[in-house]
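Chains as they are written, first to last, in the numbering used here: chain A, 127 to 472; chain B, 127 to 472.
Before any comments, here is the structure.
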DNA sequence: CCAATCTCCGAAAACGTTTTTGAATATGAC
DNA sequence: GTCATATTCAAAAACGTTTTCGGAGATTGG
């Protein structure tokens, strides 16, 4: 009775089958130099005994975890979430198909991101790394490149000489702005997402280039950087109005900013849409239901996630790369992209 | 040049400090039988060398992973997500404070849930397990109890003789129904979440008891089970109407169902609110923006998550339990809980 | 001053696999 | 019949830590 519930080990399977430990191991891991009949027997016994190899032991010896880690960064408010969740769904699906487990860890603070990466890599907790929120100069990426550790990012850097998937935010910025211009707006503002992220800069360039292409120079007073909190869009609108820079349309870097902006507009008696045209980005669920419906850009995140996962799996299987995928967003027309009305309805 | 980039190991630290491997290990793991001065020296060298213990090796030897796994189940549509994400945030925060890492895995199919648990436990991938979507008779829970593996669930079972946190859905059902009754509704329907889950049954009982308490028997024709897909609420409304069972109010098991129901109502020319009172549950972000605003119940998921995490940490630190926490939801009054109008406006 | 106790550290075993190496047997070629 | 080659398996090393055990020196009590 004093038995301390001995763990079921590979040697139990060996004894039961009458084979050696090494043969059992090779049989279970699908090596070729084991007779089919033997393999079947081993599998049967292992199944019957309910044996599973210790994760720690096998990954210590084989130096493989068959695990890919996705690091998701703060801030991730309830509103930004849908973005990542759809993405993760696709990632998980494609990785699982290749025999890899997806593991998600959270970086609560900006400062801990690098620490988490170091921990994952140096302690050998995973075989590959996935993360987003890339910056033009991203130490995380250089660090990983130096060590030759497999990783794929959602988003690019300045050099972008690594594997990545990304949504074409330049094109989103260009198309949004051009659409507003064609609707008759001469003064189009842009509330940007945080400019430390590469994609924000891409969107900004798209916005500026569209203005240039139509002979309208960009006005720094119309460009306001917003952060990923909730009322930042409102603050920006307040600033635009009190400074009297007179935009008649706004392209918002994402829908959360747009929603917040709309709220502020109402407080100023400005109707989002008729009085101030608006185009957002992301197509979060609320976008369809707010006011006239927010015109915005939708990204096929499932597809993006699938590609991300497949890219990682390929990398892990020895496919050298680099592989890069840029995907287009789809314009979802709703009610807030209205023509320049020529004045505010009182 | 032929060096194969030897991994930095604990013996490198030992050599560098002139101490033995075992002393270095004990110093780094905070054992008491090492002189303070020695500990400092070891820490300094380890830091300088950038040494980190191999996760596989240390967890093989110590049989600890310092990791807690949260299994999130399908279906998790974009609309249900916010629920889990807020929760996870709290869990992560409280676990991290106790030195545990949170790891999230996804169960894509119902059938794989148990497989994932077996894998996590038998392969020793984590020290504790967290999951939701509990059923009255839940094999997962029995299996874990048999093995004495630490776990805490979000939701209860029939017996509930384990550690759990839960939202009081009985009270939600009771309060929602009572409110509708007090608003003059005699025929209140209930669109339930899937009844295989315990919380759905709790809500149903709350609904029925409220009817009973007010002298109104419950009518099976007014109870329709909905599943966690998108148009199920609509189907249920269609059924209610075509069968002519004549409800004037509906309590929906969650907001996604409510939203779907509202959509169907509009197609039938029924105005959600004035023509058909409506109360949901969860307070998803869209709820505030749809139509008159959906009256619903909000749960403090951050708090729930924190408790979940703390409970797990306590368990892992030897606190025997059982610990159980039931938390109340808050009624968010908006536009859809209107009094019985006595007829439909044409 | 001697024995007993404490404090700090080192040697070696142990954790449970996978991988390397080589041996035994079977198969094929001449 | 003999040698070379394939096939299949076993023994043992290896993976990088933590833990157990015990020993040397310092400290305390009498």
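We put the beta carbon where it would ideally sit given N, CA and C, even for glycine.
Grouping DSSP H, G and I as helix and E and B as strand, with all else coil, what is residue 278 of chain B?
Residue state, collapsed to three classes: strand.
Using a Cβ-Cβ distance under 8 Å, would residue 154 of chain A count as near chain B?
Closer than 8 Å: no.
Using a beta-carbon distance below 8 Å, is residue 423 of chain B in contact with chain A?
By this cut-off, residue 423 of chain B is not an interface position.
Grouping DSSP H, G and I as helix and E and B as strand, with all else coil, what is residue 291 of chain B?
DSSP places residue 291 of chain B in strand when its eight states are reduced to three.
Buried or exposed for residue 137 of chain B, going by 16 or more other Cβ atoms inside 10 Å?
Answer is exposed; the Cβ neighbour count stays below 16.
Can you name the residues that DSSP bridges to residue 424 of chain B?
DSSP output for residue 424 of chain B lists B:456 as bridge partner(s).
Which first and last residues belong to the alpha helix (DSSP H) in which residue 328 of chain B is found?
Its alpha helix (DSSP H) spans residues 324 to 339.
Flag residue 250 of chain A as yes if its beta-carbon sits less than 8 Å from any beta-carbon of chain B, otherwise no.
Chain B, which has a Cβ nearer than 8 Å to the Cβ of residue 250 of chain A, makes this yes.
Between the region 216 to 250 of chain A and chain B, which residues of the former have CB atoms less than 8 Å from a CB of the latter, in chain order?
Residues 218, 219, 222, 227, 228, 229, 230, 231, 232, 234, 244, 245, 248, 249 and 250.
Would residue 183 of chain A pass as an interface residue toward chain B - the criterion being a Cβ-Cβ separation below 8 Å?
It does; some Cβ of chain B falls within 8 Å.
Which ranges would you report for the beta strand (DSSP E) in the region 230 to 274 of chain A if only whole runs of at least 3 residues count?
Counting whole runs of 3 or more residues, the region 230 to 274 of chain A contains the beta strand (DSSP E) stretches 254 to 257.
Would you kindly work out how many angstroms separate the C-alpha atoms of residue 471 of chain B and residue 302 of chain B, rounded to a whole number?
Confidence at residue 471 of chain B is low in this model, with a pLDDT of 39, below 50, so the placement of that residue should be treated as unreliable; the coordinate-derived value is given next. Cα-Cα distance, rounded: 24 Å.
Identify which residue in A:298, A:193 and A:154 has its Cα closest to the Cα of residue 178 of chain A.
Per the Cα distances, A:154.
Pairing CB atoms from the region 226 to 236 of chain A with CB atoms from the region 446 to 455 of chain A, are three or more of them under 8 Å?
At 8 Å Cβ cutoff, the stretches do not touch.
Leaving out five residues before and five after residue 160 of chain A in sequence, what residues of the same chain have Cβ atoms less than 7 Å from its Cβ?
Once the five neighbours on either side are set aside, the close Cβ partners of residue 160 of chain A are 149, 152 and 153.
Since residue 404 of chain B is in the beta strand (DSSP E), which residue starts that stretch and which ends it?
Residue 404 of chain B -> beta strand (DSSP E) spans 403 to 405.
Can you tell me which of B:361, B:389, B:280 and B:141 puts its alpha carbon nearest to the alpha carbon of residue 418 of chain B?
Ranking the options by Cα distance to residue 418 of chain B, first place goes to B:389.
Taking a cut of 7 Å between CB atoms, which residues from the region 445 to 456 of chain B lie near chain A?
Answer set for the region 445 to 456 of chain B: empty.
Pick from B:268, B:290 and B:436: whose alpha carbon is nearest that of residue 219 of chain B?
Comparing Cα-Cα distances from residue 219 of chain B to each of B:268, B:290 and B:436, the minimum goes to B:436.
Given this structure, state the Cα-to-Cα distance separating residue 216 of chain B from residue 141 of chain A, to the nearest angstrom.
Straight-line Cα distance between these residues: approximately 47 Å.
Would you say residue 186 of chain A reaches chain B, if we count a Cβ-Cβ gap shorter than 8 Å as a contact?
Interface residue, yes.
Quick one: measure Cβ to Cβ for residue 181 of chain B and residue 273 of chain A, integer angstroms, because I've assumed they're closer than 8 Å.
In fact, because the Cβ distance is near 16 Å, the residues do not count as touching under 8 Å.
Beta-carbon of residue 205 of chain A versus every beta-carbon of chain B: anything under 8 Å?
The predicted position of residue 205 of chain A is uncertain, since its pLDDT is 47 and thus under 50; no value can be drawn from it.
Is residue 415 of chain B closer than 8 Å to residue 416 of chain A when the C-beta atoms are compared?
Yes, Cβ-Cβ distance for residue 416 of chain A and residue 415 of chain B is below 8 Å.
So which residues of chain A does residue 392 of chain B contact, with C-beta pairs closer than 9 Å?
By Cβ distance, chain A contributes nothing, its closest Cβ being about 13 Å from residue 392 of chain B, past 9 Å.
What residues of chain A sit near residue 262 of chain B, judged by a beta carbon separation below 8 Å?
What residue 262 of chain B touches in chain A: nothing, since even the nearest Cβ is about 26 Å away.
Rounded to whole angstroms, what is the Cα-Cα separation between residue 259 of chain B and residue 438 of chain B?
Each residue's Cα considered, the two are about 18 Å apart.
What separation, rounded to the nearest whole angstrom, lies between the Cα atoms of residue 171 of chain A and residue 143 of chain A?
Whole-angstrom Cα-Cα distance: 7 Å.
Please report the distance separating the alpha-carbon of residue 261 of chain B from that of residue 284 of chain B.
So the two alpha carbons sit approximately 8 Å from each other.
Of all the options B:353, B:314, B:347 and B:367, which has the alpha carbon lying nearest to the alpha carbon of residue 341 of chain B?
It is B:314.
Please state if the CB of residue 280 of chain A and the CB of residue 230 of chain A are separated by a distance shorter than 8 Å.
Contact flag unset, no.
Check distances from the C-beta atoms of the region 399 to 419 of chain A to those of chain B and list, in chain order, the residues that come in under 7 Å.
Taking 7 Å as the Cβ-Cβ cut-off against chain B, the residues of the region 399 to 419 of chain A that qualify are 411, 412, 415 and 416.
By the 10 Å Cβ neighbour count, where 16 or more other Cβ atoms means buried, how is residue 221 of chain B classified, buried or exposed?
That one is buried.
Identify whether residue 358 of chain B lies in helix, strand or coil by the three-state DSSP scheme.
If DSSP states are grouped into helix, strand and coil, residue 358 of chain B belongs with the helices.
When burial is assigned at 16 or more other CB atoms within 10 Å of the CB, is residue 431 of chain A buried or exposed?
Classification of residue 431 of chain A: buried, given that the 10 Å Cβ count is 16 or more.
Around the Cβ of residue 380 of chain B, are there at least 16 other Cβ atoms within 10 angstroms (buried) or fewer (exposed)?
Residue 380 of chain B is buried by the Cβ-count criterion.
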